[in-house]
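In the UniProt record's numbering, the protein residues as written are 1 to 636.
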Ligand SMILES: Cc1cc2nc3c(=O)[nH]c(=O)nc-3n(C[C@H](O)[C@H](O)[C@H](O)COP(=O)(O)OP(=O)(O)OC[C@H]3O[C@@H](n4cnc5c(N)ncnc54)[C@H](O)[C@@H]3O)c2cc1C
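This is the structure in structure tokens:
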């Protein structure tokens, strides 16, 4: 409803624009008359000045030209004067109009609070702009849904190459993609982005609350609610400090783009401070002691990159300091990269030995202060103090505040470190089956077959003879593969499995033998690692299953068919360990090892995996630049 003030304001504007249009018409006539009188006087003055014929003729010719030009001017002025004045009147009225009534600046202003998008499409709200979300957006059919992406980070970060950015082997901007451009390209404009942090998920009323996350000072926009038909939670994780005192205050993490820049600055700070005149030797040694806590891929890569920076680039600038440098990696387990193949572990440990990177195995950091780490050794249970100049904390990841808050609000979410989903990536325990969690912030529930062994056996035993034939086993496995994805690997090898567990060789499986078979299947259940590969596959899987048409079940819930359970395929892992050497395990080709060739393969594969041509070009330039000129050693 328009109020009275608005009405009178509108009437005023209408009157104003009418007056302006009328006066513009009058002015058009006046200007025409003016130009007529001007042309007359100029013509007569030229006539009086004509003395001889030739001159006269010449002047007549010029006068004719002048008259033509003036007539042309009259016509042009007449043509443009009216529209000009009308245009001015209208734009003035629209400026006044805008000032009077606040118009929406952004198409989202009208969209966000609507329960349903006006185009009749279902709305999917996606939280996050990381690996999982990007894979989801890349695969979802944008013509079927209205997509709204919410994240405090307006870019995608190619994390597998982040360690290289800590020392300038490449620039951070070469491995990030502005999300608005990505969305424009892959979702063809059918996707909106809001730079904000989701602070609350209301799964009962199907909305999220978002808060402006800009670091700008000044008035903040109010938090708003955005309703959804489907919600995809892909908010990732945060570095896990394991509650260790002093970590947040005195260590650097390697998780986000800015972390890489901080590390780069800190390394140079340490070198510059160490080169200050009259520094005592102990202080130089402390400043140039670079420690990394955590012997997983992130820790190992950070140590490897640091080694390269010091020995390839800083050595020529600080030749007197480099002999005092030391890199130490503190690892609580007994080996580096302990989730990798034994061959890779051995290769990496040998390479670190050659590079003089010290690895402290079986050692746990119990406290960090400004200049020292307190480390407890597993062997002698004693605490040691290790002075350091810079410490990178890379001990794994934990849940974000939003993840914790959400899990606490759903009674069935027992795991407080990640959001538990079923095998179809639907969040467990929410009232509507329209909330999904993917990537680092999620974990797939592990339904154990053994918990239901008696029921499954009874159901499988079709002829009630208290034993299962091979046909009965095949049928029950087919039936339960969707609910228990761990059955998938044995589905194609059932005759062999049957023989293996038919201990008494009577051609049937009795309950005890069947139990052994299921126990063996359950033992293969593992929690998926928090990796980009898993997140990427989850995002793509979920999008594809939401692209298919929906049916409604007896409870009127929407079910997307024909989604089979999510099945992770491990394609392989790479890690850079310094000195132009990478290690890799690639199950598809049964490869596990390391070396210069693997380093080339590592770079080629990651180069190829960049989302844009721009980043491929930037990466190539960065690599060339560091080969030709060395890494930049400025402290910005
Ligand atoms: C240095 C490093 C190297 C790595 N190397 C590899 C590797 O070689 N191979 C590999 O497979 N994996 C690697 N990983 C792991 C990989 O990066 C993660 O597993 C992956 O990023 C997880 O993807 P995600 O989408 O779940 O989360 P992320 O990629 O972390 O994205 C989370 C997104 O959610 C947003 N967000 C956070 N809070 C909110 C909120 N409240 N509301 C809305 N949005 C929010 C964030 O801004 C971000 O955009 C590496 C990680 C690091 C740090």
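Here a beta-carbon is modelled for each residue, glycine too, at the ideal position from N, C-alpha and C.
- The secondary-structure analysis by DSSP pairs residue 377 across a beta bridge with 363.
- A direct Cα-Cα distance of roughly 27 Å separates residue 132 from residue 305.
- Taking the Cα positions, residue 219 is about 29 Å away from residue 176.
- The shortest CA-to-CA distance from residue 121 to any of 209, 135 and 143 is the one to 143.
- Taking 8 Å as the cut-off, the beta carbon of residue 128 is found closer than this to the beta carbon of residue 235.
- Only residues of its own chain outside the window of five on either side were considered, and among them 375 have a CB closer than 6 Å to the CB of residue 384, listed in chain order.
- For the pair residue 292 and residue 318, the Cα-to-Cα distance works out to about 22 Å.
- With a threshold of 16 other beta carbon atoms within 10 Å, residue 406 meets it and is buried.
- Two segments are said to touch when three or more pairs of C-beta atoms, one from each, lie closer than 8 Å; by this definition the region 395–411 touches the region 436–444.
- Ranked by Cα distance from residue 162, the options 300, 195, 135 and 536 are led by 300.
- Within the region 577–607, complete alpha helix (DSSP H) segments of at least 4 residues are not found at all.
- Excluding sequence positions up to five before and after residue 634, its CB lies within less than 8 Å of the CB of 268, all in the same chain and listed in chain order.
- Annotated as distal: residue 422 and residue 430, with beta-carbon spacing of 8 Å or more.
- Straight-line spacing of the CA atoms in residue 504 and residue 489 works out to 25 Å.
- Unbroken beta strand (DSSP E) stretches of 3 residues or longer found wholly inside the region 174–201: 176–178, given in chain order.
- Following the DSSP letters along the chain, one finds residue 137 inside the alpha helix (DSSP H) bounded by residues 131–139.
- Counting only the Cα atoms, residue 148 lies some 15 Å from residue 130.
- In this structure, ligand 1 has no non-hydrogen atom nearer than 7 Å to the beta-carbon of residue 332.
- Excluding its 5 nearest sequence neighbours in each direction, residue 595 has C-beta neighbours in its own chain below 7 Å: 581, listed in chain order.
- Under DSSP, no beta-bridge partner is assigned to residue 626.
- Secondary structure at residue 478: helix, using DSSP grouped into helix, strand and coil.
- If you check the C-beta of residue 566 against ligand 1, you find no heavy atom less than 7 Å away.
- In the DSSP assignment, residue 490 falls within the unbroken alpha helix (DSSP H) covering 488–491.
- Residue 509 sits in a strand when the DSSP states are folded into three classes.
- Here residue 538 is buried, its C-beta having at least 16 other C-beta atoms within 10 Å.
- The criterion of a C-beta distance shorter than 8 Å is satisfied by residue 525 and residue 486.
- Nearest in C-alpha terms to residue 222, of all of 210, 408 and 188, is 210.
- Check the Cα spacing between residue 359 and each of 371, 369, 263 and 332: the tightest is with 332.
- Within its own chain, the residues whose Cβ lies closer than 8 Å to the Cβ of residue 480, once the five positions on either side in sequence are excluded, are 449, 456 and 487, listed in chain order.
- Residues of the same chain with a CB within less than 8 Å of the CB of residue 199, apart from the 5 flanking positions on each side, are 209, 210, 211, 223 and 402 in chain order.
- By the Cβ test, the region 270–280 is not in contact with the region 411–418, since fewer than three Cβ pairs between them sit closer than 8 Å.
- Measuring C-alpha to C-alpha distances from residue 576 to each of 288, 303 and 192 identifies 303 as the nearest.
- When the five nearest sequence neighbours on each side are left out, the beta carbons in the same chain lying within less than 7 Å of the beta carbon of residue 186 are those of 137 and 138, in order along the chain.
- If you draw a straight line from the Cα of residue 578 to the Cα of residue 197, it comes to about 37 Å.
- The nearest non-hydrogen atom of ligand 1 is less than 7 Å from the C-beta of residue 440.
- Spanning the alpha carbons of residue 603 and residue 414 requires a straight line of approximately 41 Å.
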